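According to the UniProt record's numbering, numbering within the sequence shown proceeds without interruption in unit steps and concludes at 516. First up is the structure itself, then whatever we jot down about it.
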Amino acid sequence: MGWLDRVDDQVDALTKARALQEVSRSTEAYALLDRVLRSTADPRARADALVQRLSALINLGRTAEYTRAIEEASAAVRDLAEPYLHGHLNALAALAAHHQGALDRCVTHLVKAARALGAVDDPDRDTAWGWHDLAMAYSYLSFHGYALGAIERARQLGTTAGIPQETFAAPGIRLRNAVALDHTGDSDGCLRVLRDVATDLDRFVAAGRADRLRPSSLAAYGYAAARRSALGDAIDSPAGADPARLLGHGADSARARDMRQLGQACLAVAAGRPIEAVTRLDAVQVSAETLGAAEPARLRSIALARAGDHAAAHRADRLAFRLAAQRHDRLRDVYIDGIAARIDHEEMRREAARFEGEALTDPLTGLPNRRRLERYIASVIARGERVVIGVCDLDGFKAVNTRHGHHSGDLVLQRVAGVINRVMRRGDFVARYGGDEFVVVLAGAGMSEAAEVARRINAAIRTEDWESLVPGTPVGVSIGFAEVGAAGPRQRDALGAAFEAADREMLRAKARPRTA
1 MGWLDRVDDQ VDALTKARAL QEVSRSTEAY ALLDRVLRST ADPRARADAL VQRLSALINL
61 GRTAEYTRAI EEASAAVRDL AEPYLHGHLN ALAALAAHHQ GALDRCVTHL VKAARALGAV
121 DDPDRDTAWG WHDLAMAYSY LSFHGYALGA IERARQLGTT AGIPQETFAA PGIRLRNAVA
181 LDHTGDSDGC LRVLRDVATD LDRFVAAGRA DRLRPSSLAA YGYAAARRSA LGDAIDSPAG
241 ADPARLLGHG ADSARARDMR QLGQACLAVA AGRPIEAVTR LDAVQVSAET LGAAEPARLR
301 SIALARAGDH AAAHRADRLA FRLAAQRHDR LRDVYIDGIA ARIDHEEMRR EAARFEGEAL
361 TDPLTGLPNR RRLERYIASV IARGERVVIG VCDLDGFKAV NTRHGHHSGD LVLQRVAGVI
421 NRVMRRGDFV ARYGGDEFVV VLAGAGMSEA AEVARRINAA IRTEDWESLV PGTPVGVSIG
481 FAEVGAAGPR QRDALGAAFE AADREMLRAK ARPRTA
């Protein structure tokens, strides 16, 4: 059962609004959604209409209205236990926050959106659109790898729901990836990606499916072709795929309008009219978010170089490079991980608050403590489930305390708690056992699953940015797992034996030579 199957009112109107937005007719969709909001008393219909209305506002570029629209949608969605709705709202809120320049808030919404959409039990076409909008948010923030992963998830769900593959072609994602390469000096890489985008369009045209492409996709294909031609690539457009014609699509999409204006400058360069291109660039006002803040400067550099003014072209190119450097993917990836760890920490503290009357929580990390751990294991064994326990002991922690002091040591323990908790499977249990030792419990699992969990923990700890937190003192982890072998009267003995076995395995891991 999909999301709209649970809505009791105005379903036809909500479905029509979706269809209008899919073909970039957001002004009409907004008016229809406004009528739904004035006439419905159904909380689900109201929540859906408010989320869709936020989408329409973003498509139209009406930034002044974002904040109020997000507040109203959040209030309507808050009490509905529907992961799709929370996920889609957070994906849209991330887009809005990005346009408003609120990076911290944007990344927080991205993390929450991915988690909520991933928790949908019965994905349908609406969930597919949620992943599509999340992919767009990743792409505009220059998280190109995340964007490609999210759009692939949208395609898979869309195929299952009967959505044509052309709907989620999403050439804009690869287009932004391509121009980002060019902004940092890799014009050859840019051209390779743009040629791949053109190959996709050729395939759709040859198969007679180009008319199924969304208007915003057609505009992106048009800009990709125009951008190639500006870089000197020969364009052999199939019938109906002329760049100037494609750039005319996009209806009332603000992003398509930006690509149209910049695309006309690209076509002027390709036609041997570089001064006209510079004049056009002087006159246009485009969002820095559509193709990156560096794109107008980079186009100016290309045009000036074609006009023979190489000194001015060099200055424009340096400006483009500086603007692009501010969007470096590696820094943003680290930022996403940091926000994810913070959310994990907040969730752990909320979980711990449920046991506030008892001493069951480690006050430093917010994780369950040894007492809570023992109770949990006992309850799992009593249910007759298999249990594997793992002992995780930090490597290099003594050096952290010696060199940087105990406050830094506490920060390391807090971060380790968040990292381990983040990579565990749903339903696994993590506790701080004492000092720099953590224990993980895998209910219903065996040693093969434990080996995979150990690999994920090791990889996550190894790739964490310890240098920025405790410079010169790398942090690692040694892990040992063992299975609890009995229940009933001998449960305590079996538990003790499993802890000893896991501890021995951990010490063996600590003694093994490390590879870089």
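Idealized CB from N, CA, C, for every residue including glycine. On a predicted model such as this, the values are computed, not experimentally measured, just so you know.
Per DSSP, which one or two residues make a beta bridge with residue i?
i: residue 521; result: Outside the modelled stretch of the chain, which goes from 1 to 516, sits residue 521, for which no answer is possible.
i: L442; result: V388
i: P43; result: In the DSSP output, where bridge partners are listed per residue, P43 has none listed.
i: S478; result: D393
i: T361; result: P368
i: F429; result: V441
Taking DSSP as the reference, what is the three-state secondary structure of residue i?
i: A178; result: helix
i: F143; result: coil
i: P83; result: helix
i: T108; result: helix
i: E483; result: strand
i: R504; result: helix
i: residue 525; result: This structure cannot settle anything about residue 525, because the visible part of the chain is limited to 1 through 516.
i: V470; result: coil
i: Q165; result: helix
i: D34; result: helix
i: W3; result: coil
i: L194; result: helix
i: M424; result: coil
i: R330; result: Residue confidence is low: R330 scores 46 on pLDDT, short of 50, so the model does not pin down where it sits. No coordinate-derived value is stated.
i: R375; result: helix
i: V77; result: helix
i: Q10; result: coil
i: T15; result: helix
i: E71; result: helix
i: S448; result: helix
i: residue 536; result: Residue 536 lies beyond the range of the chain shown here (1 to 516); nothing can be said about it.
i: D317; result: helix
i: R209; result: coil
i: D122; result: coil
i: E464; result: coil
Using a Cβ-Cβ cutoff of less than 6 Å, which residues in the same chain neighbour residue i once the five nearest sequence positions on both sides are dropped?
i: A49; result: L33, V36 and L37
i: G172; result: A220
i: Y140; result: H98 and E289
i: R153; result: W131
i: A303; result: V269, P274, A277 and V278
i: K212; result: Checking the sequence shown, residue 212 turns out to be Arg, not Lys. If we look at R212 and ignore the five residues flanking it on each side, its Cβ neighbours are P164 and E166.
i: R456; result: V423
i: S229; result: I235 and A270
i: E500; result: none
i: A460; result: V419 and V423
By Cβ distance below 7 Å, which residues in the same chain neighbour residue i in space, the five residues on each side in sequence not counted?
i: L364; result: D410, L413 and Q414
i: A244; result: L267
i: G396; result: T473, P474, V475 and G476
i: A320; result: H183, A294, A297, R298 and S301
i: M506; result: V391, D393, S478, I479 and G480
i: A324; result: A180, H183, T184, G292 and A294
So does residue i have its beta carbon nearer than 7 Å to some heavy atom of the ligand FAD?
i: A220; result: Here there are no bound small molecules, and the ligand FAD is not part of this structure.
Residues in the same chain with beta-carbon distance under 8 Å from residue i, minus the five sequence neighbours each way, listed in chain order, please.
i: A241; result: L201, D202, V205, A210, Y221 and A225
i: P215; result: V23, S24, H249, G250, A251, S253 and A256
i: Q21; result: A29, Q52, S55, A56 and N59
i: V7; result: L14, D42, R44, A45 and D48
i: S408; result: V400, N401, L469 and V470
i: R125; result: G2, L157, G158, A161, G162 and I163
Evaluate contact between the segment 191-198 and the segment 264-282, counting only Cβ atoms and requiring at least three cross-stretch pairs below 8 Å.
-> no
Run through the segment 217-298 for me and flag every whole alpha helix (DSSP H) of 4 or more residues, listed as ranges in chain order.
-> 243-247, 254-270, 274-283 and 288-291
At least 3 beta-carbon pairs within less than 8 Å: the segment 294-305 vs the segment 169-184 = yes
Touching by the beta-carbon criterion (3+ pairs, under 8 Å), the segment 83-102 and the segment 112-122 = yes
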